[in-house]
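Protein chains in written order, with my numbering: chain A, 1 to 268; chain B, 1001 to 1283.
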Amino acid sequence: MSTALIEFQDVALGYGRKVVLRGLNFAIAEGEFFGIVGANGSGKTTVLRALLGILKPRSGRILGHVPAGAGNALLPEGARVEMGDTPGAIRFGYVPQRGFLDELYPPNGHDIVMMGRYAELGPLQWPGARDRQVAGQCLEHVGGAALADKQFRSMSGGQKQRILIARALASEARVLVLDEPTDGMDLEGQKSILDLIQQLREESGITVVYVTHRLNELSNVAQRLLLLHDGQVRVGSVAAMLTGDVLCEVYGVPVRVEQIDGKRVILT
Amino acid sequence: MSKLLEMFQQDFMLNVIAGTTIVAALCSYLGVFIVLRRAVFVGAALAQVSSLGVAVALWFGGAMGMMSGHGLPWWAQPLALALTLGASVALAVQYRERALPRETMVGVVYAAAAGLAILVVATTAGAESQVMNLLFGNVLTISGSGVAGLSALAVIVGAVHGLFFKEFLFASFDPDMATALGIRARWWNVLLFLTIGLTISFAIRAAGALVVFNFLVLPAATSLLLGRRMRATLALAVAFGVLASIAGIAISYVWDLPTGPTIVAFSTGVLLLTAGVQWICRR
């Protein structure tokens, strides 16, 4: 496996005095498709916020390794940093749950994608011709060129998701972090978003961290999985995690994993 | 018509128009952020905190014999400002809603500051009407120096927003993505609310709580009905605010009506008209 990009070392996470999760030990490798699966309230968004450096760990360390080609004078290539202390050390393209974004705001597709350029610009700088060009390319890349002038609030769920993925790409992200990207979509919408993510991986080798509550969604695309259930934490390769025994143990109900047309299907 | 011309020939009215227009432009611009962030009553609460600061200064001034007839002690405005800025920061901080929702905290600050301000005024020796004017402002009392002060405020707030507009927008719209990209959304939020607190603190003394609250909410509401982009929405809000201030002052002068309420009535009329036209067009 290639080098680790992010490492959780015996991390405990929580809010206030309450610890939500403990004993998180895993690494996400560069170029990997890493799935985080858990029910609502299992703490998957908490893990995500810690990964992004928004939430500092209660104990343990979350380390980022500055990847090749992403170093600068302050953070040379290969440097190890505490994620919470150096936000932006690893460029995350965060694709939030689209319901989290307030529809009151009036921006159109192009404006949203342009936000991905803001980190590159820094304060006191305004988007220029190159930024507009990158934003346009990213929109095209996700098949959203026609959405540039459409208001975000009047887009469908799938269209919003494409715009948010384009924004993540516009930030020249090394890691695409998606939070329930297909939630509330029909089968066609789900497939098109998953296909888009696979296509992006094949083209650019971008690392993908994908959060969902549906195990079946990731059973054939992810390489490794983090399962969260009732405070339990399990992490491993898809082959190791998706067995009847492991899933029975985690979820406490009989689970079978079958192969149909060479694809894993989880049956309860 | 002659009455309208007469209005523009009076120096004090020109100050009133200039001062109110600056307040209108600033508050209408910031109002878009406030309305988008669903923090309308943060504006109302900050206005009360600012008044409390002035009331406390009046009380100490009276108690220590520092008031010279009409004026306030020199530190009245700094005290009001400090309290308002403190409250701005406290209300800007995003914390997890556990025991009490955020909106409730805003209500607590509003009620506590309003009640305390009146209690403090009631125990202050002095003419009450004068105190009320000092506390709550009145556009008709804006002087030449008042206009100068408001202009300085406009330059400061305008410069901060001119420089950091994209950070304020990003931190408001999607703080998590901003933070993930290394833009410290929390601090940009605090800075945004500091500019709001600073503006409210000065605008209240010049134009009064009613007029300021009007400009913080109504032009933004009208512009959000129409605006298709963020910048267009902001420009429209400022235009609606400036229009309401000039029209409101002119109408109140010609028909001898109280100025603040006339501005509010005009703003409300524009909002209702806009919503009505939009409703008809969509049918």
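Note that CB positions come from ideal geometry on N, CA and C, so glycine has one too. From a predicted model like this one, the values you see are computed outputs, not experimental measurements.
Quick one: any contact between the segment 147-155 of chain A and the segment 109-122 of chain A, if contact means 3 or more CB pairs under 8 angstroms?
yes
Considering only residues of the segment 158-244 of chain A, which uninterrupted alpha helix (DSSP H) runs meet the minimum length of 4 residues and lie entirely inside it, listed in chain order?
187-204, 215-218, 238-241
Should A:A119 be flagged as near chain B, meaning a C-beta pair shorter than 8 angstroms?
Stepping through the first sequence from its first residue, residue 119 of chain A is reached at position 119. Yes, A:A119 counts as interfacial toward chain B.
What is the rounded straight-line gap between the Cα of A:P254 and the Cα of A:G38?
Taking the first residue of the first sequence as position 1, residue 254 of chain A is located at position 254. Taking the first residue of the first sequence as position 1, residue 38 of chain A is located at position 38. One C-alpha to the other measures close to 17 angstroms.
Who pairs with A:E82 in a beta bridge, going by DSSP?
The sequence position of residue 82 of chain A within the first sequence is 82, counting from 1. Answer is A:L63.
DSSP beta-bridge partners for B:Y1029?
Within the second sequence, numbered from 1, the residue matching residue 1029 of chain B stands at position 29. B:Y1029 is not bridged to any residue.
Against chain A, which members of the segment 1176-1204 of chain B pass a CB distance test of less than 8 angstroms?
D1176, M1177, A1178, T1179, A1180, L1181, G1182, I1183, R1184
Would DSSP call B:N1015 helix, strand or coil?
Taking the first residue of the second sequence as position 1, residue 1015 of chain B is located at position 15. Here B:N1015 sits in helix by DSSP.
Measuring CB to CB, does A:F33 end up less than 8 angstroms from A:A222?
Here residue 33 of chain A refers to the residue found at position 33 when the first sequence is read from its first residue. Here residue 222 of chain A refers to the residue found at position 222 when the first sequence is read from its first residue. Cβ distance < 8 angstroms, so A:F33 and A:A222 count as in contact.
Have a look at B:T1233 and A:D195 and give me their C-alpha separation to the nearest angstrom.
Within the second sequence, numbered from 1, the residue matching residue 1233 of chain B stands at position 233. Within the first sequence, numbered from 1, the residue matching residue 195 of chain A stands at position 195. Approximately 36 angstroms between the Cα atoms of the pair.
Compute the Euclidean distance between the alpha carbons of A:G31 and A:E202, then round it to the nearest angstrom.
Here residue 31 of chain A refers to the residue found at position 31 of the first sequence. Here residue 202 of chain A refers to the residue found at position 202 of the first sequence. Cα-Cα distance, rounded: 10 angstroms.
By Cβ distance below 6 angstroms, which residues in the same chain neighbour B:F1041 in space, the five residues on each side in sequence not counted?
Residue numbering aside, residue 1041 of chain B sits at position 41 when the second sequence is read from its first letter. Cβ within range, chain order: V1106.
Can you tell me the Cα-Cα spacing of A:K160 and A:R98, whole angstroms?
Along the first sequence, read from residue 1 onward, the residue named residue 160 of chain A stands at position 160. Along the first sequence, read from residue 1 onward, the residue named residue 98 of chain A stands at position 98. Roughly 7 angstroms between the two C-alpha positions.
Which whole-angstrom value is the C-beta distance of B:L1271 and B:T1222, which I expect to be below 8 angstroms?
Indexing the second sequence from 1 puts residue 1271 of chain B at position 271. Indexing the second sequence from 1 puts residue 1222 of chain B at position 222. Contact flag correct, Cβ pair sits at about 5 angstroms.
Are there three or more Cβ pairs, one per stretch, closer than 8 angstroms when the segment 1172-1184 of chain B is compared with the segment 1014-1031 of chain B?
no
So with Cβ pairs under 8 angstroms, would you call A:R162 a contact of chain B?
One-based indexing of the first sequence puts residue 162 of chain A at position 162. No, no contact with chain B.
Classify A:R49 as buried or exposed, calling it buried when 16 or more other Cβ atoms lie within 10 Å of its own Cβ.
The residue you call residue 49 of chain A lines up with position 49 of the first sequence. Label assigned to A:R49: buried.
Given that a residue counts as buried once 16 or more other Cβ atoms are within 10 Å of its Cβ, and exposed if not, what is A:K100?
Taking the first residue of the first sequence as 1, we reach residue 100 of chain A at position 100. The residue asked about is misnamed: residue 100 of chain A is Phe in this sequence, not Lys. So A:F100 counts as exposed.
From this set, A:G23, A:A135, A:I193, which residue's C-alpha is nearest A:P57's C-alpha?
Residue numbering aside, residue 57 of chain A sits at position 57 when the first sequence is read from its first letter. Checked all of A:G23, A:A135, A:I193; the closest Cα to A:P57 is A:G23.
Would you mind working out which of A:H229, A:D85, A:M83, A:H65 sits nearest A:E77, comparing C-alpha positions?
Taking the first residue of the first sequence as 1, we reach residue 77 of chain A at position 77. Nearest C-alpha to A:E77: A:H65.
Under 8 angstroms between C-beta atoms, does B:T1274 make it to chain A?
Counting from 1 along the second sequence, the entry for residue 1274 of chain B is found at position 274. Not an interface residue.
Below 8 angstroms between beta carbons: does that hold for B:S1172 and B:L1036?
For the purposes of this step, residue 1172 of chain B is taken as residue 172 along the second sequence, with counting starting at 1. For the purposes of this step, residue 1036 of chain B is taken as residue 36 along the second sequence, with counting starting at 1. It is a contact, given that the beta carbons lie within the stated cut-off.
Kindly indicate if chain A contains any beta-carbon less than 8 angstroms away from that of B:T1233.
Here residue 1233 of chain B refers to the residue found at position 233 of the second sequence. Yes, its Cβ sits closer than 8 angstroms to a Cβ of chain A.
Grab the span of the beta strand (DSSP E) containing A:D10 for me, first residue to last.
As a first step, residue 10 of chain A must be located in the first sequence, where it is residue number 10. If you look at A:D10, you'll find it in the beta strand (DSSP E) that goes 4-15.
For A:R22, which three-state DSSP category applies?
Taking the first sequence and counting its residues from 1, one reaches residue 22 of chain A at position 22. Reduced to three states, the DSSP call for A:R22 is strand.
So for A:G105, helix, strand or coil by DSSP?
Taking the first sequence and counting its residues from 1, one reaches residue 105 of chain A at position 105. Reading off the sequence, residue 105 of chain A comes out as Tyr, not Gly. If DSSP states are grouped into helix, strand and coil, A:Y105 belongs with coil.
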